[in-house]
Each structure stands twice: as structure tokens, then as C-alpha cells.
Amino acid sequence: MIVFLSDFQNSEYAGIVKGVIARILRKENKKPEIIDLTHGIERFNIKQAAYVLYSAHKFFPHGSVFLGVVDPGVGTERKGIVLRSDEYYFIGPNNGIFSLIDFKHAYEINENKVAELSGLGVSTTFHARDIFAPVACFVELHIPMERFSDEISVDKVVKIISEPVIKKEGGMHIIEGEIIACDAFGNIITNIKARNIKKFAEFGKIIDLQINEKLKLRFLPSYGYAKKGEVLCLINSAEHFEIACREGSAKDMLKIKGEEKIIITFEK
Amino acid sequence: MIVFLSDFQNSEYAGIVKGVIARILRKENKKPEIIDLTHGIERFNIKQAAYVLYSAHKFFPHGSVFLGVVDPGVGTERKGIVLRSDEYYFIGPNNGIFSLIDFKHAYEINENKVAELSGLGVSTTFHARDIFAPVACFVELHIPMERFSDEISVDKVVKIISEPVIKKEGGMHIIEGEIIACDAFGNIITNIKARNIKKFAEFGKIIDLQINEKLKLRFLPSYGYAKKGEVLCLINSAEHFEIACREGSAKDMLKIKGEEKIIITFEK
Amino acid sequence: MIVFLSDFQNSEYAGIVKGVIARILRKENKKPEIIDLTHGIERFNIKQAAYVLYSAHKFFPHGSVFLGVVDPGVGTERKGIVLRSDEYYFIGPNNGIFSLIDFKHAYEINENKVAELSGLGVSTTFHARDIFAPVACFVELHIPMERFSDEISVDKVVKIISEPVIKKEGGMHIIEGEIIACDAFGNIITNIKARNIKKFAEFGKIIDLQINEKLKLRFLPSYGYAKKGEVLCLINSAEHFEIACREGSAKDMLKIKGEEKIIITFEK
Chain A
0 MIVFLSDFQN
10 SEYAGIVKGV
20 IARILRKENK
30 KPEIIDLTHG
40 IERFNIKQAA
50 YVLYSAHKFF
60 PHGSVFLGVV
70 DPGVGTERKG
80 IVLRSDEYYF
90 IGPNNGIFSL
100 IDFKHAYEIN
110 ENKVAELSGL
120 GVSTTFHARD
130 IFAPVACFVE
140 LHIPMERFSD
150 EISVDKVVKI
160 ISEPVIKKEG
170 GMHIIEGEII
180 ACDAFGNIIT
190 NIKARNIKKF
200 AEFGKIIDLQ
210 INEKLKLRFL
220 PSYGYAKKGE
230 VLCLINSAEH
240 FEIACREGSA
250 KDMLKIKGEE
260 KIIITFEK
Chain D
0 MIVFLSDFQN
10 SEYAGIVKGV
20 IARILRKENK
30 KPEIIDLTHG
40 IERFNIKQAA
50 YVLYSAHKFF
60 PHGSVFLGVV
70 DPGVGTERKG
80 IVLRSDEYYF
90 IGPNNGIFSL
100 IDFKHAYEIN
110 ENKVAELSGL
120 GVSTTFHARD
130 IFAPVACFVE
140 LHIPMERFSD
150 EISVDKVVKI
160 ISEPVIKKEG
170 GMHIIEGEII
180 ACDAFGNIIT
190 NIKARNIKKF
200 AEFGKIIDLQ
210 INEKLKLRFL
220 PSYGYAKKGE
230 VLCLINSAEH
240 FEIACREGSA
250 KDMLKIKGEE
260 KIIITFEK
Chain Y
0 MIVFLSDFQN
10 SEYAGIVKGV
20 IARILRKENK
30 KPEIIDLTHG
40 IERFNIKQAA
50 YVLYSAHKFF
60 PHGSVFLGVV
70 DPGVGTERKG
80 IVLRSDEYYF
90 IGPNNGIFSL
100 IDFKHAYEIN
110 ENKVAELSGL
120 GVSTTFHARD
130 IFAPVACFVE
140 LHIPMERFSD
150 EISVDKVVKI
160 ISEPVIKKEG
170 GMHIIEGEII
180 ACDAFGNIIT
190 NIKARNIKKF
200 AEFGKIIDLQ
210 INEKLKLRFL
220 PSYGYAKKGE
230 VLCLINSAEH
240 FEIACREGSA
250 KDMLKIKGEE
260 KIIITFEK
């Protein structure tokens, strides 16, 4: 099964990639099985794509092949990669899109070998179609990796999202994190995880935090516990700390641009 | 076949739900077959979802399992339900989303039993993934209903859309209805049905009606019979009375908010 | 395999059409295989649909059946058609949507025969569901064309996109073309092809052109070679001459409406 994420929005580009996949797999008598994870990633927002791939991948069948394409550098020097974990494969540009994936092996795609093996040309503007879709098919067909890629050191895989910093200061516990992404509903997702928060906070309490301005928000189990229009904080379904607004957009209400720092302070 | 409707727009949430379905069905050696009905329901617009499920479901293969998720109350007291008609199943929150479905049996989902049977955890914010997707699989796999739900009286299923009222007054026939939804193109859909209208009106005639302001609109067989930019009324493809604008948005032109009353008056 | 393009955006209309296809094919014990090419064609933009069908179709498996529905004239006199090339079928309204397809045979759909064969009614507003989806199934099931259509002369197929004009004037080479469409990212696509341009221009050079105003743009191999925000020109992945803006919208920057002329001038 191939699982496809991109920032192609509702354009034809996602459809064409699926056409290429169907064509290659059918030639080998394999029925294409493709699930669109989403094509609604904000244009060129690699961090958002990284978060979505991370939070979503473990719900898919073992053996799934993730095709992740958010690729502002298409046609330039950046290389394509394949990552392998115990249970999944990930294919896309080496630009940080797999920052949050826990993988064991990394391979750099050899574009010439891909073109030779696929029999397709390679444009400079549409590698999802010309490079990544064929590679996804090769992996799905269990073609040996060395026929289209070279194993590289795992350190060569680009990472662009940091871990939160947790420290004690003047009798306070302080968590310094960053905003990774806002989802389609204006929920603000941070790099702070449930386990970072849960030792300090309980549902129903007020949390003191700062993003641009200082805020005091209720920490609640779910959106539905807040009043309509209330900005709240919660642990989201990917076990990350999130700021949301019931039936509204927290992103708009707090004027979030997308890469702000967040500082949470707990009295001891 | 599972048919999936939500208000998840182009976010990753629909993709994750499909991942869960694929994972559960494949474990039982069943190929997942999923059709997206739409994920473009206006955020939290339960009435619009109810109309779309009603107008669409009868075009799908018998035996289809409809997963309908527009769920502002997720994580609170509201319960999940399964409805069964002679030909279809419907799964979602009991909040009015199935108001227009003609069903025979109703079952309340037991979340603990679902979690046990699926082996998945249950978050407070994403029941489409944690509860409704597994239940759709159980139904698709013909697992007996009592293993994850309890039959309830059909009266317990929440309804939020009324029937139009038809009356005679001072020698006039009057139909009082309401707007159920506007579609993606600004067409205004009412709860008035073809059979309510057709005894009083013929194509080509002017219809007198009131929504906010008084209007005189041509009643035409199709959009293409109107002039560009003309507001017209017609019987839509779901056999409902609709107000539209050729190559424009009737919703914007008449400044419709979404739950207005409509009064149609026919001289005798 | 049925490949589906429309201007239905994220509405339920595409989902309903897929339901009809699944229903008809399953009755004949054929598993439906449907790929959405895109439903994001700008509402009623037949030229954009024509370009997308043309640039995308050759990436799909041979034998694919393309269902293309952008149909402002639905319910009026315009007829439905089926086109056949050596490798593909195309089904939709005869309004120019297949202007760029190179086909061998054309058939006019007989709506009465379709209704009889499908056993479905025919609305005046939703021929994608009532006519084109059944016809796509008939073709997919290899039902003889004469059972639901009549062969017509290939000249009867409506064409709405012209070829560029190339001429010499005062020692200059001049190419006069037109804008066909803008894609979801604001890239401006013209009817000028790579082969029209490549004898006069090399990557890295400045090209003189006029759309509304006079412009001097770098001709580059790919978006990534331009500076952020630079308007450039390039050969796109469908081998057409395109004007783009790196990480921006050329359409917005040049205030393009969509059907402007473009004149390119090369010093000899």
C-alpha cells in the first residue's frame, strides 16, 4: 500500500502521480492500492508535513510505503531519499520532511538508475511524477534497493525540528518549545509532548504560557469541554500539546505566523 | 464498501481514518474499499451533512456502510450510533447527522467494547479514528452488533430537520419551509420536495417566494435555461426545491446565512 | 480503470458519481478502480480542463477511461460524446473539454439508450451522475458502442484552443500565443510548446515577452533556479511554455485574468 502526502492541494498533480503508480504496478500485474493521506499541506511547509507524517504513519498497515512530497527545491541539488524503519518505508526529498520519523536505514536515490529502470524521462520540475512515484513502485514491488539507490549514513538525513527544553528556574518548571504547525482548523500544534506536560498539569487547571503575549488557558480533555469561542489547551490525538479554540481558529485569534516559540511556566 | 463523509476538509484526518480502516480489514484478509463521499461539509454543519447523506446514499451499492462524521461534541456525553435500513448501514455520532435517513434499527455504540475488540486506544478528540472507523470495519466484517453495541429504540435517534408545512389561506396555497444547506456552488437547498411543489407550479412560470426579502423567480428545468447571473428556482437532482444562480452564487446574492425560513405563495 | 476530472471541487457530487460507478460495475462483478485526476478545475473553466486532460492522460495505464465533466450547459442542447484514441477513451460533454486530445473515433451519446441500459432516471442538472458515469461503466465493461451511442464525424467535436502563430518580422522571430490556464499555484500556462521555443532560447538567457505589459524574464530549467519571488519562464512538465514565480503566484503578480494573448520576441 502506498500512502501519499503532498502540498499539491486540489490540483491535478496528485492525480498524475497516481496515474504513474497505477501504470508501473499494473505492468507487473500488481493492483495499485493508494491512500491519500492529505494533499492539503500548506504550500512549501516542510515542518507541517513532517508533523503530519509522524502523527499519522503508525495508524497505517505495516509495510506501507509513504510518499511525502513538499519540495520547494525540486530540480536543484537536493537529493531524494528512502528511509526504512522496522515497519514502514518513506520516500521523498531530503529536506527535513522526515525530521520526526524514527528510522533505521537511509538510502540516497540515484536519479539516472531510476530513469533507466522506469523507462520514463525526468523533468526538472516534477520529481514526484518522474522520480518519487517510480521509486515508491520499486519499493512496493520489492526490487532490491541497490538497483536504484545507495545506502548512506543516517546522519545525512536532514532534520529541521528541535526537541523542547525543560528546566528549573527560581522554583519554577519551565518548558521552552516551538510551534511546529497549525492544522486546517487553526489548531496550534507544538513540539511539546504529553509526557513533558502531564507530570506538571491536570485537566481543569489553568496553564500559564507565552506565545507572543502572555496567556492563561484552561487545560481540558477535549474541545467539547470548552465554551464556544474559548481558547483552551489540550493533549491532541497525536499526544502533542496543542492550543485550540472551540468552534473557532486559535491560529487566527492569537495571530500565529507558524514558527513562534512557546514558553510554559509551572509554579512548583 | 465503506463510504466516508466528514467536515475534515483537506486535512490529514480523513487520511488517518482510512489508514485505520485499511489496517483492521487487512488483518482479516479483506481488501479495503473506501469511497470518499465528501470531506467538504462546512465545519460543524450537521444539517448540511444530513442532507448530503440523504441525497447521496441511494446511489451507492446495496450493503454500503456509511461513515458520517461531523462531530462538534466529540469527547463529551454524546453517544455514537449505528443505524440499519434494508439496504445500508450508517455510523456516526447521535447528533442529528442521520435526520433524513429512513432506517429500521438503531444501536448505541459501546466505546469500551470497541476499544477491546479493536485493541486501539481511545482519544478524547478523534473518535472518527478511534471509535467510528473500527465500528465501520466490524460492520463490514459482519461481526455481530451485540459485540460492540446495544440496540436502542428508534426514537432515541436525534432529528434536527423539520418537514415543510402546507396550508390554504385566503384562497392561496402557502408552503412554509426552511433552508437546510447551501452547496459548494452557493445553491440554496430547502426542505421542500418536488412533490410539494409540482401540483402548483409548471416550468417557465414565475414563483412568488420570501426568504428575508420578497422574490419573484423563474421556475426552470435546469441552470442552463436561465440567463447568466439570473437567480432561478428549480427541482434539484435530489428532488428538492432549490434556489440557484446561473454561473454564480445564489447564497451570496441573497445574503443567506443558512437556517432562514422560506415561504412560497401560490394564487389558486 | 476510470480516471475522473471535474470542477466539483470538494462537494459531494464527485462522491455520488463514484457511487454510481461502483454500483453498476459491481452488478457485473467487476471491482471499480477509479482515480481522481482532480476536481479542482476552476468552476466552468473548460480550457483549463482541456489542458489538464491533455497533459495528464498519457501517464495513465493504456485502456484507461477518462471521465471529464466541466459542463455549464448541462440540461440544454449540448450533447455528450465518447472519443477513442489508440490507447484511451474520453467521455464528457461536447463543449471543447477534449480540444487538445488526439483521437481517432467520435461517438455521440444517445441519452435514451443510456437510461434504458442503466435503468436509472435522467435529471436535467446532473448528467455526470445520470449519463456520463453509466457510459464510463459501459465502456469499461466493453459493451458495444452502438448500444448507447452513434459514431459521428471527428469534425463535429468542438475545439476551443488555437495553435500558436510563429512568424518573422523585421529580422525578429515572433511567437504569438495565448494563455490557456493558470494552475493552483498561479503558474501561467500558454499554448506555446517546448519545440516552438527551444530553437530560439537557451536556459539562463533573458526572454522578451508581452502579456498586458512588456516583460524581460529569465528562462530557467526549474523554479528552484530563480530567486524567491522572482518571476521566471520555463518549460513545464507537460512541455509547455510557462510563466511562474518562485514560491509565489505569477498569476497574481501579473494580474492575469486567464485568456490574455502572449507575444514573445527573439532578436535574430
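Residue numbers (numbering that gives the first Met the number 0), protein chains in the order written: chain A, 0 to 267; chain D, 0 to 267; chain Y, 0 to 267. Using N, Cα and C, we set each Cβ at its ideal position, and we do this for glycine too.
Does any C-beta atom of chain A lie closer than 8 Å to the C-beta of residue i?
i, result
"D/K17", "yes"
"Y/S148", "no"
"D/E41", "no"
"Y/S235", "It should be noted that the sequence gives Asn, not Ser, for residue 235 of chain Y. Yes, contact with chain A."
"D/F125", "yes"
"Y/T38", "What sits at residue 38 of chain Y in the sequence shown is His, not Thr. With 8 Å as the cut-off, Y/H38 counts as an interface residue toward chain A."
"D/Q209", "no"
"Y/V51", "yes"
Tell me, to the nearest whole angstrom, how far the beta carbon of residue i is from that of residue j; I am working on the premise that it is less than 8 Å.
i, j, result
"D/D70", "D/S84", "With a Cβ gap of about 22 Å, D/D70 and D/S84 do not count as contacting."
"D/D80", "D/E32", "The question names Asp, but residue 80 of chain D in the sequence shown is Ile. Not quite, the Cβ-Cβ distance comes to about 23 Å (not below 8 Å), so this is no contact."
"Y/L66", "Y/F3", "5 Å"
"A/G223", "D/T75", "4 Å"
"A/G14", "Y/L36", "4 Å"
"D/E229", "D/C244", "7 Å"
"D/N186", "D/E241", "5 Å"
"A/I34", "D/K17", "5 Å"
"A/A135", "A/I90", "5 Å"
"Y/S117", "Y/I23", "7 Å"
"Y/I40", "Y/N94", "Not a contact, Cβ separation roughly 13 Å."
Within 8 Å of any Cβ in chain D, is that where the Cβ of residue i sits?
i, result
"Y/P71", "yes"
"A/Y224", "yes"
"Y/N111", "no"
"Y/Q47", "no"
"Y/G95", "no"
"A/E246", "yes"
"A/A135", "no"
"Y/G74", "yes"
I'd like to know if residue i contacts chain Y, where contact means its C-beta is closer than 8 Å to some C-beta of that chain.
i, result
"D/F59", "yes"
"A/A21", "yes"
"D/P220", "yes"
"A/G14", "yes"
"A/E11", "yes"
"D/M0", "yes"
"A/S122", "yes"
Is the closest heavy atom of the ligand FMN to the C-beta of residue i under 7 Å?
i, result
"Y/I80", "Absence of the ligand FMN from the depicted structure is noted, as is the absence of any ligand whatsoever, leaving it without description."
On the DSSP letters alone, give me the boundaries of the alpha helix (DSSP H) that residue i sits inside.
i, result
"D/D251", "249-252"
"A/I196", "193-196"
For the beta strand (DSSP E) containing residue i, name the first residue and the last one.
i, result
"Y/E266", "260-266"
"A/S5", "1-5"
"Y/I178", "171-181"
"D/K256", "Looking at the DSSP string, D/K256 is not in any beta strand (DSSP E), and its letter there is neither H nor E."
"A/K213", "212-218"
"A/K227", "Counting along the chain, A/K227 falls outside any beta strand (DSSP E), and DSSP gives it neither H nor E."
"A/I165", "164-168"
"Y/F240", "239-244"
Interface residues of chain E around residue i at Cβ under 9 Å?
i, result
"A/R128", "Structure shown: chain E not included; protein chains present are A, D and Y."
Between the segment 49-62 of chain Y and the segment 92-109 of chain Y, do at least 3 Cβ pairs fall closer than 8 Å?
yes
Hey, which unbroken runs of the beta strand (DSSP E) at 3 residues or more fall wholly within the segment 71-157 of chain Y?
79-83, 88-92, 104-108, 148-151
Could you say if the segment 165-184 of chain Y and the segment 102-109 of chain Y meet the contact criterion of at least three C-beta pairs nearer than 8 Å?
no
Please give the ranges of any alpha helix (DSSP H) in the segment 23-72 of chain A, keeping only runs that are unbroken, at least 4 residues long and fully inside the region.
45-56
Please determine if the segment 178-185 of chain A and the segment 7-26 of chain D are in contact, where contact requires at least 3 C-beta pairs separated by less than 8 Å.
yes
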